[in-house]
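Each position in the sequence shown, counted from 1, maps to that position plus 109 in this note's numbering.
We put the CB at the ideal spot given by N, CA and C, even for glycine.
Remarks on the structure that follows.
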Amino acid sequence: MPGTAPALGSEPDLEAYLGDPHDPANPVGYPAVLAADERGELLAEGERALDGYGLNAEFVPRALGGRFDRADRLAQVLRAVFRRDTTLGVGYGVTTFIAATPVWTSGTAEQRRWMADLLLRHGKASAGYNELAHGTDFGRAALQARLDGDHFVVTGRKEMVGNLSRADAVTLFARTDDRLGSRSHSHLLLDMAALPAAHRRHLRRYHTAGVRGVLLGGLEFTDCPVPADAVVGDLGSAMETVLRAFQVTRGVLPGMAVGIVDTQLRTVLRFALDRRLYGMPVAELPHARATLVDGFLDLLISDCLATVVARALHVLPEQTSVYSAAVKYLVPKLLQEAAHRLSVVLGARSYLRDGPYAIFQKNLRDLLAATLTHASAAVCQATIIPQLPRLAQQGWRSSPPPPPALFRLADPLPPLDFAGLGLSARGMDSLTATLREYLAGPGNDPAVARLCGLFTAELDRLAEVCAELPPRDRTVIAGRRSFDLTDRYATVLAAAACLGVWWHNQDDPFLRDTPWLLAALSRLAGRLGLDPGAAPDGLERHLFIELLERHEENRGFDLVNRHLAG
């Protein structure tokens, strides 16, 4: 059963608060989660539990009375929800987070205070961006807000938006200038209770294969009056706000999604230990054991990149336009691939909607849907492509290495300055400079140095190719080659993140352990088609024992590996 709700000033343990996921009497356990999914509903008891916990406070900056002061901590907290129910994580948490971030980025003091007060009262917020006719091409969004005296008149529709039908506040992306260009759109912060009902109409709900309970719908406005002071930031500044605010949301969401595959790995490992074939547990069969270890490594790699990018929002805010797009592209891809491989071990049970392993099929469907939330892979890659040539000419050769605080998980972080996030990285990339810094330092581990050399050589090859990209392939209409280059670059970023986490956390018994790093770097090198060389004897067995110990002690499979509920 859910535990005692925390005070806003405390550092509560949401994992413990949600209780044992396998307890059939727990109203937010897996049986209840699966039943709500079958009904296509958001788990009502789950929402009540998160209200009792005060989850919305995690999205509100501490200066405004909430608990949000670190992007990496926010990802860790929400990871507990995603371990339990992805639908609840998206339907209760992510939609509100996305809606509030533009207000924290560009809103007035009054707007920030109003949004904070609403969320701390458990209010719901929604982000009105999507229009089916234009997809994620926000520059073509057609919903219009026309200034008429002391108010705007809003006409148009938004579709496929989460929580729009029950939102108390909507951050609406609207066209406020008919001319083309980057100053044609504005954000409007709408108090839905204050808008005349006769001028707005809710559109039908869209039903989905994954996250079935998320209320995905639309809203149509017809000559709807909106106060002139609803504009967030300057008139026409929405695209600039988006470029900053989305760095935060893209930088945090992948860290939350790690929790989904943590549950997938835990479910398959439990099956593989219980099920026996050929006189031994399935987990001891070579292919199954290798798949489980690979899933563990994919989780660690994903968490390294997600955690480092979340911390970069504080430490390297001028560079995160590239990092946040890279992590939002690569981590969902790694997690989806890992989940698919794990489904092979589970076999036909990976399709079952009831029984002891039924949470797997729900998570498999939810993972595909949740990782599309907010920005698809192609959109994130298109964000990186225009910056590749300048990175090639400057950043990959001469950027200074980052401060150790980027990687030291226990180190404090400076406040997140939303307005200080750079619109582009200006050719800087300190994260990959970590690879060269390690190679240039004294006392290198020879095996680690050899693998680092593979990635620095790959970066040099990327620099040569990206510096010579023709003009067309430096834009969002680039061909396949440019998109492939972003994949390779994101993989090198992941290698640098793993190296930095290992190198700068020598006080942590697991993180300072070289075998996991060697295995992670080898896995990433293989992903690039590079030859990592033969694995040291006993490396897979070493990681498998770590996996089993965490499972037996009910600890997470991520970097923090804290004790979980149940």
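Span of the alpha helix (DSSP H), counted from its first residue to its last, around residue i
| i | result |
| --- | --- |
| M348 | A347 to D383 |
| A141 | Y139 to R148 |
| G562 | P555 to A576 |
| G609 | R589 to W612 |
| S235 | No alpha helix (DSSP H) contains S235, which is instead part of the beta strand (DSSP E) from A234 to G237. |
| M224 | A218 to L229 |
| I494 | Neither: I494 is in no alpha helix (DSSP H) and is coded neither H nor E. |
| L648 | L648 to E661 |
| T416 | P395 to V424 |
| V186 | A180 to R193 |
| Q470 | I468 to A479 |
| L127 | L123 to L127 |
| L540 | S539 to A549 |
7 Å Cβ cutoff met for residue i and residue j
| i | j | result |
| --- | --- | --- |
| S508 | S533 | no |
| A692 | A250 | Since the displayed the chain opens at 110 and closes at 675, residue 692 lies outside it and no answer follows. |
| V431 | A415 | no |
| P523 | H423 | yes |
| A556 | L627 | yes |
| G155 | L197 | yes |
| G149 | R314 | no |
| L69 | A605 | Absent from the structure is residue 69, since the part of the chain shown begins at 110 and ends at 675. |
| D319 | D194 | In the sequence as displayed, the identity of residue 319 is Gly instead of Asp. It is not a contact, given that the beta carbons lie outside the stated cut-off. |
| D277 | L227 | yes |
| L304 | Q220 | no |
| L497 | G536 | no |
| A225 | V169 | yes |
| G665 | L673 | yes |
| A184 | G175 | no |
| P426 | G529 | yes |
| V402 | F653 | yes |
| A419 | D181 | yes |
| G404 | A435 | no |
| W505 | A572 | yes |
| A479 | V199 | yes |
| V601 | L563 | no |
| P133 | G675 | no |
| T245 | T358 | no |
| S215 | T429 | no |
| G248 | R292 | no |
| Q490 | F380 | no |
Span of the beta strand (DSSP E), counted from its first residue to its last, around residue i
| i | result |
| --- | --- |
| E329 | L325 to P336 |
| G161 | Segment A153 to Y162 is the alpha helix (DSSP H) holding G161; no beta strand (DSSP E) there. |
| S430 | Unbroken run through S430 is the alpha helix (DSSP H), T429 to L455; no beta strand (DSSP E). |
| G635 | Unbroken run through G635 is the alpha helix (DSSP H), T623 to R636; no beta strand (DSSP E). |
| S215 | No beta strand (DSSP E) contains S215, which is instead part of the alpha helix (DSSP H) from T204 to S215. |
Cβ separation of residue i and residue j, assumed to be a contact under 8 Å, to the nearest whole Å
| i | j | result |
| --- | --- | --- |
| F282 | A347 | 6 Å |
| G342 | H296 | 7 Å |
| N272 | L324 | 6 Å |
| V377 | L444 | Going by Cβ atoms, the distance from V377 to L444 rounds to 14 Å, so no, they are not a contact pair. |
| K437 | L362 | 7 Å |
| N614 | L525 | Between L525 and N614 the Cβ distance is about 22 Å, and since that is not below 8 Å, they are no contact. |
| R375 | H660 | 7 Å |
| I494 | V585 | 7 Å |
| L151 | A144 | Contact doesn't hold; Cβ gap of about 12 Å is too wide. |
| R279 | V335 | Just to set this straight, residue 279 is Val in the shown sequence, not Arg. V279 to V335, Cβ: 10 Å. No contact. |
Any chain C beta carbon closer than 7 Å to residue i
| i | result |
| --- | --- |
| P305 | The structure shown contains no chain C; it is built from a single protein chain. |
Residue i CB to nearest heavy atom of the ligand HEM below 6 Å
| i | result |
| --- | --- |
| W223 | As far as ligands go, the structure on display features none, and thus does not contain the ligand HEM. |
Could you tell me whether the stretch 328 to 336 touches the stretch 187 to 195, using the rule of 3 or more Cβ pairs below 8 Å?
With contact defined as three or more Cβ pairs closer than 8 Å, the stretch 328 to 336 and the stretch 187 to 195 are not in contact.
Which whole runs of the beta strand (DSSP E) in the stretch 246 to 317 are 3 residues long or more, in chain order?
Listed in chain order, the complete beta strand (DSSP E) runs (minimum 3 residues) inside the stretch 246 to 317 are 253 to 257, 260 to 271, 278 to 284, 294 to 300 and 309 to 311.
Could you tell me whether the stretch 629 to 637 touches the stretch 597 to 614, using the rule of 3 or more Cβ pairs below 8 Å?
Here the stretch 629 to 637 makes contact with the stretch 597 to 614; the two share three or more CB pairs at distances below 8 Å.
How do the stretch 610 to 630 and the stretch 405 to 420 stand: do at least 3 beta-carbon pairs fall below 8 Å, yes or no?
Taking one beta carbon from each stretch, the stretch 610 to 630 and the stretch 405 to 420 have 3 or more pairs nearer than 8 Å; the two touch.
So does the stretch 463 to 476 actually touch the stretch 131 to 149, counting three or more Cβ pairs closer than 8 Å?
Output reads yes: the stretch 131 to 149 touches the stretch 463 to 476.
Between the stretch 240 to 254 and the stretch 264 to 278, can you find at least three pairs of beta-carbon atoms closer than 8 Å?
Using a Cβ-Cβ distance cut-off of 8 Å, the stretch 264 to 278 and the stretch 240 to 254 are in contact, since at least three pairs of beta carbons, one from each stretch, lie closer than that value.
Hey, is the stretch 300 to 320 in contact with the stretch 356 to 372, meaning 3+ C-beta pairs nearer than 8 Å?
No: fewer than three Cβ pairs fall under 8 Å.
Quick test of the definition: if touching needs 3 or more C-beta pairs under 8 Å, does the stretch 343 to 362 touch the stretch 380 to 398?
The stretch 380 to 398 and the stretch 343 to 362 do not touch, with fewer than three beta-carbon pairs separated by less than 8 Å.
When you compare the stretch 394 to 407 with the stretch 451 to 463, are there three or more beta-carbon pairs, one atom per stretch, that lie closer than 8 Å?
Touching, per the Cβ criterion.
Decide yes or no for the touch test of the stretch 571 to 583 against the stretch 640 to 650: beta carbon pairs closer than 8 Å, at least 3 of them.
With the rule of 3 Cβ pairs closer than 8 Å, the stretch 571 to 583 does not count as touching the stretch 640 to 650.
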